[in-house]
Structure formats: C-alpha cells, structure tokens
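Take any residue in the first sequence, count from 1 to its spot, add 33: that is its number in this note's numbering. Everything on this sheet refers to the single structure shown next.
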Amino acid sequence: MHVITRFLRFWYLQNKRDLPWRNTDDPYAIWIAEVIFQQTRINQGISYYRKFMGAFPHIQSLAMADEQKVLKLWQGLGYYSRAHNLLHTAREIVSVYQGVFPTDYQRLKLLKGIGPYTAAAIASIAFNQPCAAVDGNVARVIARLYGIRDPMNSTKGKKKIQTMAEALLDNNDPGLHNQAIMEFGALHCVPLNPDCLNCGLKLYCVAFQNDLVDTLPVRVKRSKPKIRWFHYLVCCYRHNEATQVLLQQRLAGDIWNGLYEFPLIEADTEMELTTLVEHPVFKQIIQDKQYVIKRVSGQYKHQLSHQKLLVRFFHIEFDEVCYNSKENHVSLINESNLNDYPFPRLIDRYLTEMGLSGKGY
DNA sequence: AATCCGGGGCT
DNA sequence: AGCCCAGGATT
Numbered sequence: 034m035h036v037i038t039r040f041l042r043f044w045y046l047q048n049k050r051d052l053p054w055r056n057t058d059d060p061y062a063i064w065i066a067e068v069i070f071q072q073t074r075i076n077q078g079i080s081y082y083r084k085f086m087g088a089f090p091h092i093q094s095l096a097m098a099d100e101q102k103v104l105k106l107w108q109g110l111g112y113y114s115r116a117h118n119l120l121h122t123a124r125e126i127v128s129v130y131q132g133v134f135p136t137d138y139q140r141l142k143l144l145k146g147i148g149p150y151t152a153a154a155i156a157s158i159a160f161n162q163p164c165a166a167v168d169g170n171v172a173r174v175i176a177r178l179y180g181i182r183d184p185m186n187s188t189k190g191k192k193k194i195q196t197m198a199e200a201l202l203d204n205n206d207p208g209l210h211n212q213a214i215m216e217f218g219a220l221h222c223v224p225l226n227p228d229c230l231n232c233g234l235k236l237y238c239v240a241f242q243n244d245l246v247d248t249l250p251v252r253v254k255r256s257k258p259k260i261r262w263f264h265y266l267v268c269c270y271r272h273n274e275a276t277q278v279l280l281q282q283r284l285a286g287d288i289w290n291g292l293y294e295f296p297l298i299e300a301d302t303e304m305e306l307t308t309l310v311e312h313p314v315f316k317q318i319i320q321d322k323q324y325v326i327k328r329v330s331g332q333y334k335h336q337l338s339h340q341k342l343l344v345r346f347f348h349i350e351f352d353e354v355c356y357n358s359k360e361n362h363v364s365l366i367n368e369s370n371l372n373d374y375p376f377p378r379l380i381d382r383y384l385t386e387m388g389l390s391g392k393g394y
C-alpha cells in the first residue's frame with residue numbers, strides 16, 4: 034500500500050467527524066447523503082439530511098412520496114433538480130430494480146442525478162467496489178500532492194487527477210479510503226491557509242516542497258463579460274394616453290414575462306440593467322411583483338461578474354399591434370389575453386429591422 | 001468545453 | 001466582491 038494511502042487511513046481514523054451516514058452500509062442512506070452534500074457544506078446540509086431520512090427512511094417511502102413534499106423538504110438547499118432526480122431515481126429503483134440498488138459503478142451512473150463522483154462514492158462505500166471518488170476535496174489534495182498545474186476543471190487536469198486518485202486507492206477498503214481523502218481535504222488540506230507545517234504529508238507534497246500550496250489547485254478563468262440585451266416593447270394607444278410595456282420572455286429563461294404600465298421610458302433608450310432597476314417607475318413595478326425581484330437579484334448574483342446587462346426600449350403604435358385576433362377588436366392587454374398577441378414575433382421583426390438580431394447574445 | 005443550477009460561508 | 005463547496009445535466 035502506498036505510504037500516502039496508509040497515512041490517510043491513519044489520519045482519518047484519528048480525525049474523522051462522527052457523521053450520521055458513516056455508521057451504515059445502507060446504500061439508500063449513503064445515496065441520500067451523497068446527493069444532499071453535492072456542492073453543499075456539511076453544516077449547511079446536515080439538518081436537511083436528518084429531516085429527509087426522518088421523512089423517508091427507506092427507498093420505498095421516498096418512491097411513494099408526493100413530489101411537492103420532497104421539494105418542500107428541500108427548500109433552502111438549492112439545486113432543486115437534485116430533489117427531482119432523487120425522487121425519479123427512487124421510483125425507478127423500486128419499480129425496475131425491485132427496490133434493490135445496482136452495485137457497480139457503470140450501472141449506478143446510469144441513474145438520474147448520479148454522476149461520476151456519486152456513482153463511485155456509492156459503489157465504494159456501500160458495496161466495497163474499488164472506485165476512486167473524486168470530488169472537490171480530493172481534486173485539491175491530489176493537485177497539491179502531485180503538483181498538478183493543469184486546471185482541475187479542464188479535461189486534462191481532471192484526467193491527471195483521476196489517474197492519481199486511482200493509483201492512491203486502497204483496494205482493500207475503498208470506501209474508507211475515499212472518505213479518508215475527502216475528509217482530509219475538508220478538514221486539513223483546506224482551500225485557504227492550510228496548516229502545512231503540521232501536515233503528515235508535507236515531505237511528500239510537491240506543492241508544499243515547491244511553495245505552490247497557495248496557487249494549487251488551478252482553475253480555468255471565466256470568459257470575458259458578454260453583452261446581453263433585454264428588449265422592452267412599449268405599446269402606444271393612438272387615441273389614448275395609456276401606454277403598456279411588455280417585458281419580452283427570453284427563450285433562455287433568464288428574463289421576466291409580464292405586462293406593466295410603464296409610460297416614462299423613451300423609445301430606443303438604452304441603459305444598464307442596474308440603472309433600470311433603480312429607475313423610480315421600475316422600482317414601483319418590482320415592488321408589486323415579488324417574483325420579479327427574486328429573478329433580478331438572482332440573476333445579478335450569478336451573472337453580473339461575466340455579463341454586462343443592457344436594456345433597450347422601443348415603441349409600436351397601438352393599432353398596428355394591439356388587436357385581438359380572436360374577437361377582432363381592439364382592447365387593453367392584460368394577463369389573461371396576453372397570449373392573443375404575437376409580441377415575440379413583433380420583437381423579432383423589430384430586432385431584424387434595426388439590425389439588432391443576434392446582437393449581444 | 002461552456003453553461004446552468006442555489007444557497008451559504010469565507011476572506 | 002469573488003471564491004468555494006462531498007456535482008450533474010445539457011448543449
């Protein structure tokens with residue numbers, strides 16, 4: 034056995050946290066834990082794990098569960114597709130596999146929501162299969178130990194890390210080994226300011242020996258900010274002061290679909306989304322619509338760092354566009370008759386005429 | 001290979 | 001603000 038492997042095992046037995054899913058070999062319990070703790074800190078997810086196992090103690094109870102109840106339990110955890118996939122896969126295992134988990138990596142990975150990491154984790158921890166589970170912690174530990182400078186989120190870097198993870202794997206006790214190296218990364222070989230002077234692996238660690246601990250692992254940088262346009266259609270009523278604005282619904286699903294009174298913006302005005310949100314008229318609108326605020330702030334948080342968000346307004350005369358195709362007369366647009374109007378096509382036509390089609394996408 | 005999904009903690 | 005976390009699915 035590799036000396037590093039032996040050390041990790043020794044270190045783990047001395048330092049491991051007593052976590053609820055570590056005292057079981059139930060693949061269901063291990064599966065739930067692995068999924069909950071994808072991209073989620075232990076402290077953040079542990080109460081969810083307890084709640085979840087309390088509500089659905091075995092796979093049959095989860096398979097029979099109401100989806101809304103599962104999602105409700107998941108509320109606040111994020112990445113809600115995990116909850117959806119969990120339910121889907123529980124039902125599949127019960128109905129197709131008679132409630133019995135597949136035991137090998139390849140078949141586990143076929144299940145929805147189970148990727149390379151989770152498949153390896155379940156196969157090794159629950160079924161003692163010799164699979165190296167590589168998560169963020171393992172990647173960091175290995176990148177430092179072997180001085181891997183290829184970005185850990187590049188194909189090349191991933192392959193190198195995977196190869197070394199497999200070389201380090203303890204085939205006699207793969208489940209313990211995987212948890213050991215993960216725990217070592219989570220508690221000792223931490224991302225920032227690890228305590229290398231008190232590390233039992235410092236003599237073997239290429240990063241420590243070459244003063245690269247603070248620079249490894251490397252990640253590929255995000256691409257430069259892209260311009261994105263949000264186009265607003267302002268409907269002008271020819272014999273009426275009333276004006277309405279339609280917020281275009283984006284196919285990418287990243288902008289609001291709604292209809293508001295919005296009289297103050299001039300046609301062809303351009304501004305950054307940050308400015309728009311601070312506009313007094315728009316502030317009133319977003320205060321009325323909680324979901325709009327949520328979408329705006331969520332979008333900011335996620336995309337502002339590499340996208341520049343711009344809005345543009347344009348006007349179309351009332352009688353050109355605001356007809357009611359079903360009843361063949363003119364009427365105010367509202368939430369209920371919104372779909373009677375071909376706004377998406379009008380916006381597309383406008384963008385084409387203005388030479389803006391595709392711009393900023 | 002790039003992008004999206006989310007919330008929270010850390011520096 | 002930016003980075004990171006016990007990733008996976010989609011394009």
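Cβ atoms here follow ideal geometry from the backbone N, Cα and C, with glycine treated the same way.
Per the Cβ contact rule, the region 244-251 is in contact with the region 167-177 (3 or more Cβ pairs under 8 Å). Apart from the 5 residues on each side of it in sequence, Q72 sits with its Cβ closer than 7 Å to the Cβ of Y112 in its chain, given in chain order. Annotation for V246: R177, P227, C229 and A240 place their beta carbon closer than 7 Å to its own, counting only its chain and skipping 5 residues before and after. With respect to the 8 Å criterion, I126 and G208 are not classified as neighbours on the basis of their beta carbons.
R173 is classed as buried because its beta carbon has at least 16 other beta carbons within 10 Å across all chains shown. By the neighbour-count criterion, in which 16 or more other beta carbons inside 10 Å mark a residue as buried, D51 falls on the exposed side. A check of alpha carbon separations from P60 across P90, Y45 and Q47 identifies P90 as the nearest.
Taking 8 Å as the cut-off, the Cβ atoms of A152 and K145 do not count as close. Taking the C-beta atoms as reference points, A213 is found no nearer than 8 Å to W64. Under the DSSP assignment, L230 falls outside any alpha helix (DSSP H); it carries neither an H nor an E label.
With fewer than three CB-CB distances shorter than 8 Å, the region 132-140 does not count as touching the region 112-121.
For the 8 Å CB-CB criterion, N211 and P163 do not form a contact. The shortest C-alpha to C-alpha distance from K49 to any of A219, I181 and K235 is the one to A219. Less than 8 Å separates the beta-carbon of F85 from that of L106. The continuous alpha helix (DSSP H) containing T188 extends over residues T188 to L201.
For the options Q242, D58 and V167, the alpha carbon positioned closest to that of G148 is the one of V167. If you draw a straight line from the Cα of E216 to the Cα of L41, it is about 9 Å long. Remark: C-beta atoms of T136 and A156 approach each other more closely than 8 Å. Listed in chain order, the beta strand (DSSP E) runs fully inside the region 117-162 amount to none, counting runs of at least 3 residues.
F43 carries a helical assignment under DSSP once its states are collapsed to helix, strand and coil.
Annotated three-state conformation of V251 is coil, per DSSP.
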